[in-house]
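Colleague:
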Amino acid sequence: MLGAFTTSFHQDLLGDKALESQVQNHWILSEDAAMPLSRGVIRLKRLEAADYSILYNNIGGNVPGMYTYSQQVKWKCDLVNHSNSGIESPDPYLLDIQSRLSKALKWTEIDTKINGRLCLRRIQNTSSSSFRESITTTFLVMWSNFPEIIRSKTYRVLRTVGSYLYGSPMRGVQRLPFGMYLKYGPEYDADNHAGEFNALKIVRSRTSIPVPNPIDLLVSPTESFLVMSCIEGVPAGHAIDECSDEGVHQMAQDLRSYIAELHTIEQNKDSKYAITSATGGPCLDYRIDSEPVGPFPTEKEFSESLQLGILPGLMHRTDHKIFFTHTDLNMRKILIKDGKISGIVDWENSGWYPEYWEYTKCRFSVKIHKRWVKMIDETFEDKYEEELAIDRQYWDYQSAW
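So the sequence shown is numbered by full-length UniProt numbering: it starts at 1 and just counts up by one.
What follows is the structure, given as structure tokens:
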């Protein structure tokens with residue numbers, strides 16, 4: 001089996017009894033460095049002499065601190081002994097062997113987690129959670145009657161406390177104490193916050209989909225606050241590799257059921273527009289533009305707005321059904337706990353769109369993660385291949401990023 005990862009030279013090196021006790025075979029590291037190295041989370045790639053790049057094996061789990069969600073931080077290390085101790089540096093051949101084995105080590109750890117039943121469903125105590133929710137609802141009704149100036153000052157204080165306790169990894173979003181999240185920004189974010197607030201109210205009242213409870217929407221001439229409850233779970237991108245095939249299949253079934261529930265949400269019958277946001281106004285979708293567009297009276301106008309001058313003959317059909325849609329389902333927006341979907345978050349882009357839009361947006365947001373793509377294809381049962389082919393041609397030329 002070792003031969004699948006190493007060359008015959010490396011195998012002979014490992015089998016040489018004369019080398020077993022050499023100092024080069026031992027490397028003392030801090031626990032913070034030793035754990036990710038031994039588990040295959042990171043590996044060292046030799047550049048020249050004793051210079052190495054530290055690379056991250058992007059397989060399951062949380063991203064280590066040396067990386068961000070948007071880009072890899074380039075880390076290098078120098079393994080030359082600069083002291084006067086005379087101790088030799090680690091053997092580069094053994095580091096090469098670790099690098100070759102690192103992904104297998106990481107998959108072995110994931111297999112252990114799966115076999116440890118970390119991804120099996122647990123029976124939830126619905127009676128106690130229902131009681132807590134009723135108490136919370138009563139309090140929120142009272143809180144909403146407080147003057148706006150008191151509520152806004154309270155949210156500013158909680159934002160500062162939350163930043164101290166939990167950090168501030170995302171602009172405009174802050175985790176708060178007492179199981180809450182705050183979205184904040186200048187007054188021009190008010191429409192986005194209002195759209196999400198309205199969407200959460202609609203989805204909570206008309207479906208069984210686990211979404212945050214919209215607590216408060218507060219807009220002033222200079223700033224906007226959206227407060228909502230926190231949902232337990234980790235983003236699917238951090239957990240999907242640690243779930244069994246059966247678990248991923250079940251998540252696809254659950255997601256299909258949730259999307260079917262969204263499709264039952266009807267528009268206001270008095271609306272003059274077919275394609276709108278959750279508030280009935282312009283659509284905010286970063287796949288189309290960084291600014292709101294529409295609303296559109298019919299799908300034809302919507303499809304025409306997607307057309308590009310460089311592809312004049314390319315356009316979607318205009319006879320799709322129009323459904324309520326999240327529009328931005330990706331591996332960050334779907335939360336997982338105990339191997340099942342525990343929540344769907346970030347509804348600011350939601351609204352009524354053509355039926356294929358949810359599927360093509362899922363594929364647009366994440367194009368290369370094979371397990372995610374497979375789950376999404378299973379969720380939508382490969383219904384919209386024609387629409388995906390058209391959108392892929394658009395994506396080559398247009399993106400709000």
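Using N, Cα and C, we set each Cβ at its ideal position, and we do this for glycine too.
For PRO354, which option in THR327, ARG332, SER290 and LYS340 has the closest C-alpha, if you only look at C-alpha atoms?
Modeller: For the purposes of this step, residue 354 is identified with residue 354 of the sequence shown, where counting begins at 1. Comparing Cα-Cα distances from PRO354 to each of THR327, ARG332, SER290 and LYS340, the minimum goes to THR327.
Colleague: On the CB-based measure, 16 or more other CB atoms within 10 Å of its CB, does PHE324 come out buried or exposed?
Modeller: For the purposes of this step, residue 324 is taken as residue 324 along the sequence shown, with counting starting at 1. Looking at its Cβ environment, which holds 16 or more other Cβ atoms inside 10 Å, PHE324 is buried.
Colleague: Go through its chain and collect everything with a Cβ distance to ILE310's Cβ below 8 angstroms, but skip five positions before and after it.
Modeller: Taking the sequence shown and counting its residues from 1, one reaches residue 310 at position 310. For ILE310, where only same-chain residues beyond five positions count, the Cβ hits under 8 angstroms are TYR397.
Colleague: Measuring CA to CA, which of GLN250, ASP254, ILE288 and THR298 is closest to SER271?
Modeller: Position 271 of the sequence shown holds residue 271. Minimum Cα distance to SER271 is reached at THR298.
Colleague: Measure the alpha-carbon distance for PHE146 versus ARG156 and round it to whole angstroms.
Modeller: Residue 146 sits at position 146 when you count from the first residue of the sequence shown. Residue 156 sits at position 156 when you count from the first residue of the sequence shown. Cα-Cα distance, rounded: 15 angstroms.
Colleague: Assuming ARG156 is part of the alpha helix (DSSP H), what are its boundary residues?
Modeller: Locating residue 156 in the sequence shown gives position 156, where the first residue counts as 1. Unbroken alpha helix (DSSP H) run through ARG156: 148–166.
Colleague: Taking buried to mean at least 16 other C-beta atoms within 10 Å of its own C-beta, is GLU266 buried or exposed?
Modeller: Taking the sequence shown and counting its residues from 1, one reaches residue 266 at position 266. GLU266 comes out exposed.
Colleague: Apart from the five residues just before and just after PRO221, which ones in its own chain have a Cβ nearer than 7 angstroms to its Cβ?
Modeller: Counting from one through the sequence shown, the residue named residue 221 turns up at place 221. Here PRO221 has GLU187 as same chain residues with Cβ atoms under 7 angstroms from its own Cβ, once five neighbours each way along the sequence are excluded.
Colleague: On a Cα-Cα basis, can you pick out the residue from LYS333, ARG371, TRP395 and LEU226 that is closest to THR360?
Modeller: Position 360 of the sequence shown, counting from 1, holds the residue named residue 360. Among LYS333, ARG371, TRP395 and LEU226, the Cα nearest to that of THR360 belongs to TRP395.
Colleague: Indicate the three-state DSSP secondary structure (helix, strand or coil) for MET180 in the structure shown.
Modeller: As a first step, residue 180 must be located in the sequence shown, where it is residue number 180. Looking at MET180 - three-state DSSP - the assignment turns out to be strand.
Colleague: Checking the sheet assignment: what are the DSSP bridge partners for ARG46?
Modeller: Looking up residue 46 in the sequence shown gives position 46. DSSP, once it has assigned bridges, lists TYR52 as partnering ARG46.
Colleague: Three-state secondary structure (DSSP) at MET170?
Modeller: In the sequence shown, residue 170 corresponds to position 170, counting from 1. Coil at MET170, not helix or strand.
Colleague: In angstroms with no decimal places, state the Cα-to-Cα distance between ASP338 and GLU304.
Modeller: Numbered from its first residue, the sequence shown carries residue 338 at position 338. Numbered from its first residue, the sequence shown carries residue 304 at position 304. So the two alpha carbons sit approximately 43 angstroms from each other.
Colleague: Once DSSP output is grouped into helix, strand and coil, what is the label at ILE376?
Modeller: As a working mapping, residue 376 is identified with position 376 in the sequence shown. DSSP places ILE376 within a helical segment (H, G or I) once states are collapsed to three.
Colleague: Mind checking which residues open and close the alpha helix (DSSP H) that includes ASP391?
Modeller: Along the sequence shown, read from residue 1 onward, the residue named residue 391 stands at position 391. Note, ASP391: alpha helix (DSSP H), 385–395.
Colleague: Could you tell me which of PHE197, GLY294 and LEU95 sits nearest to TRP347, measuring between CA atoms?
Modeller: Translated into the one-based positions of the sequence shown, residue 347 becomes position 347. Looking at the Cα atoms, PHE197 is the closest of the given residues.
Colleague: Which partner residues does GLU223 have in the DSSP bridge list?
Modeller: The residue you call residue 223 lines up with position 223 of the sequence shown. Looking at the DSSP output, GLU223 shares a beta bridge with PRO186.
Colleague: To which residues of the same chain is residue 442 closer than 8 angstroms at the C-beta, ignoring the five residues directly before and after it?
Modeller: Given a span of 1 to 401 for the chain in the structure shown, any question on residue 442 remains unanswerable.
Colleague: How long is the line joining the alpha carbons of ILE240 and GLY247, rounded to whole angstroms?
Modeller: For this step, residue 240 is matched to residue 240 along the sequence shown. For this step, residue 247 is matched to residue 247 along the sequence shown. Cα-Cα distance, rounded: 9 angstroms.
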